[in-house]
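Undergrad: Protein chains in written order, with this note's numbering: chain X, 1448 to 1701; chain P, 1448 to 1701.
There are 2 protein chains.
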Amino acid sequence: MALRFRQSEILDIARADGRVVVEDLAQRFGVTLQTIRRDLTDLADAGMLDRVHGGAMMRTGVSNIGYETRRRMNEGAKAAIARACAQMIPDNSSMILNIGTTTEAVARELLGHRNITVVTNNLNVANILVANESCDVMVAGGGLRRSDGGLVGDLTTEFIAQFKVDYAVIGASALDRDGDLLDFDMAEVRVSKAILRQARQVFLVMDASKLDRPAPVRLASLSQVDAVFTGHALPNDLMVKCTEWQTAVHIVAA
Amino acid sequence: MALRFRQSEILDIARADGRVVVEDLAQRFGVTLQTIRRDLTDLADAGMLDRVHGGAMMRTGVSNIGYETRRRMNEGAKAAIARACAQMIPDNSSMILNIGTTTEAVARELLGHRNITVVTNNLNVANILVANESCDVMVAGGGLRRSDGGLVGDLTTEFIAQFKVDYAVIGASALDRDGDLLDFDMAEVRVSKAILRQARQVFLVMDASKLDRPAPVRLASLSQVDAVFTGHALPNDLMVKCTEWQTAVHIVAA
DNA sequence: GCGATAATGTTCGATATTGTTATATTCACA
DNA sequence: TGTGAATATAACAATATCGAACATTATCGC
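1) R1593 of chain X touches chain P at which residues, Cβ-Cβ below 8 Å?
2) Looking at C-beta atoms only, is the number of pairs between the segment 1523-1540 of chain P and the segment 1589-1607 of chain P that lie closer than 8 Å three or more?
3) Is the shortest distance between the beta-carbon of A1587 of chain X and the beta-carbons of chain P less than 8 Å?
4) Given this structure, state the Cα-to-Cα distance separating V1616 of chain P from T1548 of chain P, to the nearest angstrom.
5) Buried or exposed: S1670 of chain P, going by 16 or more other Cβ atoms within 10 Å of its Cβ?
6) Give the straight-line distance between the Cα atoms of C1582 of chain X and A1680 of chain X, rounded to the nearest whole angstrom.
7) Going by beta-carbon coordinates alone, are M1542 of chain P and G1590 of chain X separated by less than 8 Å?
8) Using a Cβ-Cβ distance under 8 Å, would A1463 of chain X count as near chain P?
9) What are the partner residues of V1636 of chain P, as DSSP defines its beta bridges?
10) T1709 of chain X: buried (16+ other C-beta within 10 angstroms of its C-beta) or exposed?
11) Going by CA-CA distance only, name the one from P:N1545, P:V1636, P:G1465, P:A1493 that's closest to F1440 of chain P.
12) Between L1598 of chain P and chain X, is the shortest Cβ-Cβ distance under 8 Å, so that the two count as touching?
13) For G1547 of chain X, return the contacting residues in chain P, with the cut-off set at a CB-CB distance below 9 Å.
14) Assign R1466 of chain X to buried or exposed, taking buried as 16 or more other Cβ atoms, counted over all protein chains shown, within 10 Å of its Cβ.
15) Are the C-beta atoms of F1476 of chain P and some chain X residue less than 8 Å apart?
16) Comparing the CB of A1552 of chain P with every heavy atom of the ligand GTP, is any distance shorter than 7 Å?
17) For A1552 of chain P, I'd like the list of residues in its chain whose CB is within less than 6 Å of its CB, leaving aside the five on either flank, ordered along the chain.
18) Leaving aside the five residues before and after R1498 of chain X along the sequence, list all residues of the same chain whose C-beta is less than 6 Å from its C-beta, in chain order.
19) In whole angstroms, give me the CA-to-CA distance for L1628 of chain X and R1660 of chain X.
20) Under a Cβ-count criterion, where at least 16 other Cβ atoms within 10 Å of its own Cβ denotes burial, should V1509 of chain X be classed as buried or exposed?
21) Any Cβ of chain X within less than 8 Å of the Cβ of L1570 of chain P?
22) In angstroms with no decimal places, state the Cα-to-Cα distance between D1538 of chain X and R1555 of chain X.
23) What does the alpha-carbon distance come out to for the pair V1565 of chain P and I1483 of chain X?
24) So, with DSSP's three-state summary, where would you put R1647 of chain X?
25) Is M1505 of chain P helix, strand or coil by DSSP?
26) Measuring alpha carbon to alpha carbon, tell me which of X:F1610, X:D1613, X:S1639 ends up nearest S1620 of chain X.
27) For D1625 of chain P and G1559 of chain P, I'd like the C-alpha separation in whole angstroms.
28) Spell out whether any CB of chain X is found under 8 Å from the CB atom of G1590 of chain P.
29) Using CA atoms only, rank isn't needed, just tell me which of P:L1576, P:Q1645, P:R1637 is closest to A1608 of chain P.
30) Whole beta strand (DSSP E) runs in the segment 1562-1643 of chain X with 3 or more residues, listed along the chain?
31) Cβ closer than 7 Å: which chain X residues qualify as neighbours of S1540 of chain P?
32) Is the separation between the beta-carbon of G1588 of chain P and that of F1606 of chain X shorter than 8 Å?
33) Between which residues of its own chain and A1695 of chain P is the CB-CB distance below 6 Å, once the five residues before and five after are set aside?
34) Check each candidate in P:G1513, P:K1611, P:Q1481 and name the one with the smallest Cα separation from S1540 of chain P.
35) DSSP state of S1510 of chain X, grouped into three classes?
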């Protein structure tokens, strides 16, 4: 998009004040409200501003918004998947929960469990489980990623290595046709690998949106997973492999 | 959700003060109570605030009556102390913040600092500083204490030992006449001792209620502290000792 | 100058926000 | 546990803002 003269000035003002008001701009530039609105919609479409009623504002920390959107996505399905997974986890057991909005849903479903120990590198999981008095929460140390409340890094990996738990409940960004679990971030994957090593049983929770989409880093194979909880059936060839691998597949209706 | 102007300001205020009051906001923005309530409900629905009777507060996760009471105690004084302390901490520096409602107040005052690294064993501090995009947050791993969001235990101590920072900002439960800092919990004290070892300068923040009351575990001596920020003057004999020890004492008016 | 194209202005129905009022809830205190 | 005050919710009316369609004006290449 070729920035018009006025538009680039609007951006300057927005950067300085954090926000702009349609009425003010119209007056300042001596044009009609409609013209300013057109400018703002253009700028918003180009992703340089967030349009709001009456004006526009600088982009709010992309992080939170993106995370909120992801959290809302498939909310019902995630809750159902999480419930199915939580039902397989008995009281008086220990587990690790990693990063991901679906594992957070599992944490919510664990609020009623008694006498459990949860190790997590997800700050949101910790915040959720504070409400369960009968749950020991161990927070893994590490650098806080503000996009999703994840704790990642070598220190996190080392921390995880100190535990040995009954269950690992993990999410993944993607699952490809070969049955490989994929993710976007190297540091996060290192932590997740450590989690797999430290758990006697591994549960994968994953909503349907994760099926067959690309992500660069390989985390593990479905063969290393004891049970998958997901919303839609897996492709047939994968189902066959799962049988070979003795990986239980739980398809959960929302 | 597209945040309205007012809503994003409300969020800023909430982040700075930890909470907002419907009546105050209505007055400040010159709108009716109903409008503010609608804003707060929206923000709460979006998961950015927790709605409470009469207003809203930042989500702490830690919802504990005792903790809330402590946090409210001396609120104004704590904020003033925290501000004085934060002013001594420059941009581009690293620091450790430990457990305590006063250190949390310091975290709020650090929301405007640029390019800082904060290591903390306090989940609330981490939750607060998520809002500062220009702040690297390292969360120390360990067992989560739900009474105050503190992370404690040997793992926490080990984690802390891996850092070396410019400043330690610590709170203490009590300060006795000899200038000894005291606390209630052994595990927490071990962590705090580790924090002292890993910092080049030590700041103690403490509201007046901590003066001269009993607590069983000795954490350190004022002589190990570089500067104290507190609300009321220390007893005379202690002031003399502080001069000997070259411990700066900043008395902050609320 | 002329036609084509882009930018702006004008108008108006649709939508979003706020205020107002009446009615429920919740809280603090006895 | 009950009571009054404070606070919250819901419904509706009054404004303000928006977006689209079309008319008008400016700009550009020829």
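C-beta atoms are modelled at their ideal positions from N, C-alpha and C, and glycine is treated no differently.
Quick caveat, the model's predicted, so the values are computed rather than measured.
TA: Reading off the structure:
1) For the purposes of this step, residue 1593 of chain X is taken as the residue at position 146 of the first sequence. Here the neighbours are V1577, E1580, V1584.
2) no
3) Counting from 1 along the first sequence, the entry for residue 1587 of chain X is found at position 140. So, interface residue.
4) Here residue 1616 of chain P corresponds to residue number 169 of the second sequence, with the count starting at 1. Here residue 1548 of chain P corresponds to residue number 101 of the second sequence, with the count starting at 1. Distance between the alpha carbons of V1616 of chain P and T1548 of chain P is about 12 Å.
5) Here the question's residue 1670 of chain P lines up with position 223 in the second sequence. Exposed, by the Cβ-count rule.
6) Taking the first sequence and counting its residues from 1, the one referred to as residue 1582 of chain X is at position 135. Taking the first sequence and counting its residues from 1, the one referred to as residue 1680 of chain X is at position 233. Whole-angstrom Cα-Cα distance: 33 Å.
7) Here residue 1542 of chain P refers to the residue found at position 95 when the second sequence is read from its first residue. Here residue 1590 of chain X refers to the residue found at position 143 when the first sequence is read from its first residue. It is not a contact, given that the beta carbons lie outside the stated cut-off.
8) The residue given as residue 1463 of chain X occupies position 16 in the first sequence. Chain P contact via Cβ: absent.
9) Counting from one through the second sequence, the residue named residue 1636 of chain P turns up at place 189. Paired residue(s): none; V1636 of chain P is not in a bridge.
10) Since the first residue shown for chain X is 1448 and the last is 1701, residue 1709 of chain X is missing from the structure and cannot be characterised.
11) The structure shown does not extend to residue 1440 of chain P, since chain P spans only 1448 to 1701, so no value can be given for it.
12) On the second sequence, residue 1598 of chain P is found 151 positions in, with the first residue counted as 1. With 8 Å as the cut-off, L1598 of chain P counts as an interface residue toward chain X.
13) In the first sequence, the residue the question calls residue 1547 of chain X occupies position 100. The premise fails here: G1547 of chain X is roughly 16 Å from chain P at the closest Cβ pair, so nothing lies under 9 Å.
14) By 1-based counting over the first sequence, the position of residue 1466 of chain X is 19. By the 10 Å Cβ count, R1466 of chain X comes out buried.
15) Numbered from 1 along the second sequence, position 29 holds the residue referred to as residue 1476 of chain P. Not an interface residue.
16) For the ligand GTP, the structure offers nothing, since it holds no ligand at all.
17) Here residue 1552 of chain P corresponds to residue number 105 of the second sequence, with the count starting at 1. Answer for A1552 of chain P: K1525, A1526, A1529, listed in chain order.
18) By 1-based counting over the first sequence, the position of residue 1498 of chain X is 51. The answer, listed in chain order, is L1487, A1491.
19) Taking the first residue of the first sequence as position 1, residue 1628 of chain X is located at position 181. Taking the first residue of the first sequence as position 1, residue 1660 of chain X is located at position 213. If I take the Cα positions, the gap works out to 11 Å.
20) On the first sequence, residue 1509 of chain X is found 62 positions in, with the first residue counted as 1. In this prediction, V1509 of chain X scores a pLDDT of 42, lower than 50, which makes its location untrustworthy; the coordinate-derived value is nonetheless stated afterwards. V1509 of chain X comes out exposed.
21) For this step, residue 1570 of chain P is matched to residue 123 along the second sequence. By this cut-off, L1570 of chain P is an interface position.
22) By 1-based counting over the first sequence, the position of residue 1538 of chain X is 91. By 1-based counting over the first sequence, the position of residue 1555 of chain X is 108. So the alpha carbons of these two residues sit roughly 15 Å apart.
23) As a working note, residue 1565 of chain P is residue 118 in the second sequence. As a working note, residue 1483 of chain X is residue 36 in the first sequence. Their Cα atoms are separated by approximately 42 Å.
24) In the first sequence, the residue the question calls residue 1647 of chain X occupies position 200. Here R1647 of chain X sits in strand by DSSP.
25) Here residue 1505 of chain P corresponds to residue number 58 of the second sequence, with the count starting at 1. Note: M1505 of chain P maps to coil in three-state DSSP.
26) As a position in the first sequence, residue 1620 of chain X is number 173, starting the count at 1. Nearest C-alpha to S1620 of chain X: X:S1639.
27) As a working mapping, residue 1625 of chain P is identified with position 178 in the second sequence. As a working mapping, residue 1559 of chain P is identified with position 112 in the second sequence. Cα to Cα, the separation comes out at about 36 Å.
28) Stepping through the second sequence from its first residue, residue 1590 of chain P is reached at position 143. With 8 Å as the cut-off, G1590 of chain P counts as an interface residue toward chain X.
29) By 1-based counting over the second sequence, the position of residue 1608 of chain P is 161. Nearest C-alpha to A1608 of chain P: P:Q1645.
30) 1563-1567, 1582-1586, 1589-1592, 1597-1599, 1612-1617, 1627-1630
31) If you number the second sequence from 1, residue 1540 of chain P lands on position 93. Result: empty, since nearest Cβ-Cβ is about 17 Å, beyond 7 Å.
32) In the second sequence, the residue the question calls residue 1588 of chain P occupies position 141. In the first sequence, the residue the question calls residue 1606 of chain X occupies position 159. Contact flag set, yes.
33) Residue mapping note: residue 1695 of chain P aligns to position 248 of the second sequence, counting from 1. So the qualifying residues of the chain are A1674.
34) Working through the second sequence from its first residue, we reach residue 1540 of chain P at position 93. That would be P:K1611, whose Cα lies nearest to the Cα of S1540 of chain P.
35) Here residue 1510 of chain X refers to the residue found at position 63 when the first sequence is read from its first residue. Only weak support is given to the placement of S1510 of chain X: the predicted model assigns it a pLDDT of 47, under 50, and the question is left unresolved by the model.
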